[in-house]
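Asker: In this note's numbering, the protein residues as written are 1109 to 1380.
In structure tokens form, the structure reads like this:
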């Protein structure tokens, strides 16, 4: 525990020292790491019980308590085929993913957590700790805020990934520059879509997002939005006509997705 606390707190910066201490505590210096931060409120079940449960649940990953949170340092992934984030059914080794097990445990105990981006060298753990800490704090905001898009970037889950909320981090620190960034051509189109939906009761805002993020694949969009795939072409043609856009333009597609990310992240920030 003392080694990981020193490391996550930034008290050990020398890679050679980190490697030496890794050997003494049985933690690899290089692996497929991921760090989870689980906030423990004062009225949470006994911390000792939660830590004991987690230690059994996530082994061989390491657990500790730091600054009022339970920390899980995971290095369980063994394959180069491991996905960016382990989810149910995604493990190439045929195992039940740590994230799936952890999510169930969090649900039973009404907890949530933040997850860092994956990293390969233990010297990156302090950065991962900050990422997971931010994601865990954002989880509290997400729980109280329903954004309009049902997608991994925006929906509330027990495990909030920093990779899915790094735009929230940027927006939070953008300050007065956010308004300027949102007033691009694509930003104005996205605003117009949302405004038109509010007045007409349509869902063009969500439809265009799903169309773009799913790479314009009609069958996938139709399945996501519970519609017939033949209607996808009609809907996008209608949106292009109404709002004067051309989704065959790859640069515009990228700009529109960025505008969506900025707008949805700002919704969470405005709800504070």
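Note that beta-carbon positions come from the ideal geometry of N, C-alpha and C, so glycine has one too.
Where does residue 1222 fall in DSSP's three states?
Answerer: As a first step, residue 1222 is located in the chain shown; it is residue number 114 there, counting from the start. If DSSP states are grouped into helix, strand and coil, residue 1222 belongs with the strands.
Asker: Indicate the three-state DSSP secondary structure (helix, strand or coil) for residue 1358 in the structure shown.
Answerer: Your numbering for residue 1358 matches position 250 in the chain shown. DSSP places residue 1358 in helix when its eight states are reduced to three.
Asker: Excluding the five sequence neighbours on either side, which residues of its own chain have a C-beta within less than 7 Å of the C-beta of residue 1241, listed in chain order?
Answerer: Here the question's residue 1241 lines up with position 133 in the chain shown. The answer, listed in chain order, is 1145 and 1222.
Asker: Just curious, the beta strand (DSSP E) that residue 1292 is in, first and last residue?
Answerer: Residue 1292 sits at position 184 when you count from the first residue of the chain shown. Run containing residue 1292: none; DSSP gives neither H nor E here.
Asker: Checking the sheet assignment: what are the DSSP bridge partners for residue 1144?
Answerer: Locating residue 1144 in the chain shown gives position 36, counting from the first residue. According to DSSP, which records beta bridges pairwise, residue 1144 is partnered with 1180 and 1223.
Asker: Is it the case that the segment 1152 to 1170 contacts the segment 1205 to 1214, given that we only count it when at least three CB pairs across the two stretches are under 8 Å?
Answerer: Judged by Cβ distances under 8 Å, the segment 1205 to 1214 makes contact with the segment 1152 to 1170, as three or more pairs qualify.
Asker: Assuming residue 1115 contacts residue 1126 under a Cβ cut-off of 8 Å, what Cβ separation, rounded to an integer in Å, is found between them?
Answerer: Residue numbering aside, residue 1115 sits at position 7 when the chain shown is read from its first letter. Residue numbering aside, residue 1126 sits at position 18 when the chain shown is read from its first letter. 7 Å between Cβ atoms; contact.
Asker: When DSSP labels each residue in this structure, what does residue 1135 get in the three-state scheme?
Answerer: Here residue 1135 is taken as the residue at index 27 of the chain shown, counted from 1. In the structure shown, residue 1135 sits in coil (DSSP, three-state: anything other than H, G, I, E or B).
Asker: Return the first residue and the last residue of the beta strand (DSSP E) that residue 1327 is part of.
Answerer: Here the question's residue 1327 lines up with position 219 in the chain shown. No beta strand (DSSP E) contains residue 1327, which is instead part of the alpha helix (DSSP H) from 1326 to 1333.
Asker: On the premise that residue 1247 lies in contact with residue 1268, defined as a C-beta separation below 8 Å, what is that separation, rounded to the nearest angstrom?
Answerer: Taking the first residue of the chain shown as 1, we reach residue 1268 at position 160. Taking the first residue of the chain shown as 1, we reach residue 1247 at position 139. About 4 Å; that satisfies the 8 Å criterion.
Asker: Counting contacts by CB-CB distance shorter than 8 Å, is residue 1223 in contact with chain B?
Answerer: This model lacks chain B altogether, as it is built from one protein chain only.
Asker: Who does residue 1170 pair with in a DSSP beta bridge?
Answerer: For the purposes of this step, residue 1170 is identified with residue 62 of the chain shown, where counting begins at 1. For residue 1170, which the question treats as bridged, DSSP gives the partners 1181.
Asker: Out of curiosity, what's the CA-to-CA distance linking residue 1196 and residue 1332?
Answerer: Start at 1 with the first residue of the chain shown, and residue 1196 comes out as number 88. Start at 1 with the first residue of the chain shown, and residue 1332 comes out as number 224. Residue placement at residue 1196 cannot be trusted, given a pLDDT of 46 that sits under 50; what the coordinates show is reported in the next sentence. So the alpha carbons of these two residues sit roughly 19 Å apart.
Asker: By the DSSP assignment, the beta strand (DSSP E) with residue 1267 in it spans what residues?
Answerer: As a working mapping, residue 1267 is identified with position 159 in the chain shown. That run of the beta strand (DSSP E) goes 1267 to 1269.
Asker: Assuming contact is defined by CB atoms lying nearer than 8 Å, are residue 1172 and residue 1226 in contact in what I supplied?
Answerer: Numbered from 1 along the chain shown, position 64 holds the residue referred to as residue 1172. Numbered from 1 along the chain shown, position 118 holds the residue referred to as residue 1226. Not closer than 8 Å, so no.
Asker: Using C-beta distances below 7 Å, list every residue in its chain close to residue 1130, excluding the 5 sequence neighbours before and after it, in chain order.
Answerer: As a position in the chain shown, residue 1130 is number 22, starting the count at 1. These residues qualify, in order along the chain: 1136, 1137 and 1230.
Asker: With a cut-off of 8 Å on the beta carbons, I'd call residue 1370 and residue 1295 a contact; round off their distance for me.
Answerer: On the chain shown, residue 1370 is found 262 positions in, with the first residue counted as 1. On the chain shown, residue 1295 is found 187 positions in, with the first residue counted as 1. The Cβ separation is near 7 Å, so the contact holds.
Asker: What separation, rounded to the nearest whole angstrom, lies between the Cα atoms of residue 1260 and residue 1271?
Answerer: Residue numbering aside, residue 1260 sits at position 152 when the chain shown is read from its first letter. Residue numbering aside, residue 1271 sits at position 163 when the chain shown is read from its first letter. With a pLDDT of only 46 at residue 1260, under 50, the local geometry of the prediction cannot be trusted, and no value is derived from it.
Asker: By how many angstroms is the C-alpha of residue 1336 removed from the C-alpha of residue 1121?
Answerer: Start at 1 with the first residue of the chain shown, and residue 1121 comes out as number 13. Start at 1 with the first residue of the chain shown, and residue 1336 comes out as number 228. Taking the straight line from one Cα to the other gives about 56 Å.
Asker: For the alpha helix (DSSP H) that contains residue 1323, what are its first and last residues?
Answerer: On the chain shown, residue 1323 is found 215 positions in, with the first residue counted as 1. Premise fails: residue 1323 is in no alpha helix (DSSP H) and is neither H nor E.
Asker: Could you check the C-alpha separation between residue 1344 and residue 1128 for me, to the nearest Å?
Answerer: Stepping through the chain shown from its first residue, residue 1344 is reached at position 236. Stepping through the chain shown from its first residue, residue 1128 is reached at position 20. Roughly 58 Å separates the two Cα atoms.
Asker: Buried or exposed: which applies to residue 1291, given that a residue is buried once 16 or more other Cβ atoms fall within 10 Å of its Cβ?
Answerer: The sequence position of residue 1291 within the chain shown is 183, counting from 1. Exposed is the call here.
Asker: DSSP puts residue 1229 in a beta bridge; with which residues?
Answerer: Residue mapping note: residue 1229 aligns to position 121 of the chain shown, counting from 1. According to DSSP, which records beta bridges pairwise, residue 1229 is partnered with 1138.
Asker: Just to confirm my understanding: we take residue 1239, look at its own chain, exclude 5 residues before and 5 after, and list those with CB closer than 7 Å. What are they?
Answerer: As a working mapping, residue 1239 is identified with position 131 in the chain shown. Cβ neighbours of residue 1239 beyond the five flanking positions: 1224, 1225 and 1270.
Asker: How far does the alpha helix (DSSP H) with residue 1215 in it extend, from its first residue to its last?
Answerer: Residue numbering aside, residue 1215 sits at position 107 when the chain shown is read from its first letter. That run of the alpha helix (DSSP H) goes 1206 to 1216.
Asker: Could you give the distance in angstroms between the alpha-carbon of residue 1123 and the alpha-carbon of residue 1157?
Answerer: Taking the chain shown and counting its residues from 1, one reaches residue 1123 at position 15. Taking the chain shown and counting its residues from 1, one reaches residue 1157 at position 49. Going by the C-alpha atoms only, they are around 34 Å apart.
Asker: Using the Cα positions of residue 1150 and residue 1375, report the straight-line distance between them to the nearest angstrom.
Answerer: The count along the chain shown starts at 1 and reaches residue 1150 at position 42. The count along the chain shown starts at 1 and reaches residue 1375 at position 267. One C-alpha to the other measures close to 29 Å.
Asker: If you compare alpha carbons, which of 1304, 1134 and 1206 is closest to residue 1350?
Answerer: Taking the first residue of the chain shown as position 1, residue 1350 is located at position 242. Measuring from the Cα of residue 1350, the nearest candidate turns out to be 1304.
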